[in-house]
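In what follows, a structure is listed as C-alpha cells, so that the remarks can point back to it.
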Amino acid sequence: MHDLIENFFRRLSQAECRLLLLDYDGTLAPFRIERDQAFPYPGVENRLNRIISREKTRLFIISGRAIADLKPLLKLKKYPEIWGSHGREKLSADGKYSLLEMDEEQKNGLEIAANFILENNLNDYLERKPVSLAIHFRGLEKNKILELKDKITDNWNRLEREYNLTYSKFDGGLELKIPGFDKGSVVKNILAGFSHPCLTAYLGDDLTDEDAFKVLPETALSILVRPDFRETAATAWIKPPEELIEFLDRWIKIDDTE
2 MHDLIENFFR
12 RLSQAECRLL
22 LLDYDGTLAP
32 FRIERDQAFP
42 YPGVENRLNR
52 IISREKTRLF
62 IISGRAIADL
72 KPLLKLKKYP
82 EIWGSHGREK
92 LSADGKYSLL
102 EMDEEQKNGL
112 EIAANFILEN
122 NLNDYLERKP
132 VSLAIHFRGL
142 EKNKILELKD
152 KITDNWNRLE
162 REYNLTYSKF
172 DGGLELKIPG
182 FDKGSVVKNI
192 LAGFSHPCLT
202 AYLGDDLTDE
212 DAFKVLPETA
222 LSILVRPDFR
232 ETAATAWIKP
242 PEELIEFLDR
252 WIKIDDTE
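So the sequence shown is numbered by the working numbering: it starts at 2 and just counts up by one.
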C-alpha cells in the first residue's frame with residue numbers, strides 16, 4: 002500500500018492541478034464521545050494553513066458534520082471549500098453558503114423522527130443537522146447499542162417508506178436523511194468543476210467515505226485513515242496521527258519546491 006503512496010507523490014510533483022479532499026472526524030481529528038471536543042490532531046491546522054496559503058493545491062473538507070458545528074473545531078486562517086452533512090451543505094471558499102432543500106413531506110418525517118427520539122428519552126444520543134438526524138452509539142455497551150438500533154430502525158423503516166427518506170450506517174451510529182446525495186456525489190461534483198483532469202487524493206475513515214473512494218478516477222489516491230485496518234475500497238491505509246502528519250508534510254514539501 003505504501004508503494005502506491007510513493008508513486009502518487011512522484012506523480013504529484015509533476016501535476017499542474019492538485020486536489021486534496023479530506024474527511025474530518027476520525028481523519029483529521031480523533032473521535033470523541035463529546036462531539037464538541039473533537040479538535041484536530043496537534044499540528045493538523047498548521048499544515049492545512051500552509052497548504053491553503055501556498056495556493057498550489059485546492060483543498061476541500063467533506064464531512065458528515067453540519068458546517069456550523071465543524072468550523073468552531075477546525076480553526077483555520079482561511080477556510081477552503083467545505084461540504085457538510087455528507088454534501089447537503091456547501092460553504093464555498095469565498096463564504097457563500099448553500100443548502101439542499103427538503104420538501105414538506107421530508108421535513109415532517111424528520112420532525113416525527115425527532116419527536117420519537119425525545120419521547121423515548123434518547124435525546125443524549127441525537128445530533129440534529131440541517132437536513133438529517135443522526136444517532137450516535139460510540140462509547141455505549143454492546144447490549145445498549147443493540148437495544149437502541151432495534152428501537153430506532155423500527156421507527157425509521159416506517160418513516161423511510163412514508164416520507165421519502167433513507168437511513169444509513171456510519172462508524173458509530175445511524176443517520177436519517179434525504180436520499181440521493183452522499184460523499185461520492187460530492188466528489189463527482191468537485192471533479193466536474195475542473196475543465197481538465199486533476200491529480201486527486203481523498204483521505205477518510207468512515208463507512209460513508211466508501212462512497213467517495215468508489216467514484217475516484219484510477220489516477221487518484223484513496224486512503225483509509227484509522228488505527229485499525231478494515232475492508233475498504235481505498236487503495237492505501239495510514240494510521241493517524243503520525244502517518245497523517247507525515248503525509249501532509251510530504252504534500253507541503255512538494256508544494257514548497259515550486
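Glycine is no exception: its CB is placed at the ideal position from the N, C-alpha and C atoms. On a predicted model such as this, the values are computed, not experimentally measured, just so you know.
Check, Outcome
"Test item: CB-CB of E58 and L204 under 7 angstroms", "Note on residue identity: the sequence assigns Thr, not Glu, to residue 58. For T58 and L204, no; Cβs fall outside 7 angstroms."
"Runs of alpha helix (DSSP H) wholly within the region 105 to 192 (minimum 4 residues, chain order)", "105 to 120, 143 to 163"
"Reference G173, options V187, K150, W157, closest by Cα", "K150"
"C-alpha gap between H197 and D37, whole angstroms", "39 angstroms"
"Spatial neighbours of L5 in its chain, beta-carbon cut-off 6 angstroms, leaving aside the 5 residues before and after", "T236, A237"
"Beta-carbon proximity check, A213 vs K184, cutoff 7 angstroms", "yes"
"Unbroken stretches of the beta strand (DSSP E), 3 residues or longer, contained in the region 14 to 54", "19 to 23"
"CB of L20 within 7 angstroms of CB of T201, strictly", "yes"
"Sufficient close CB pairs (3 or more, under 8 angstroms) joining the region 85 to 93 to the region 123 to 134", "yes"
"Whole-number beta carbon distance between N158 and F117, since they are thought to touch under 8 angstroms", "Not confirmed; about 12 angstroms, so no contact."
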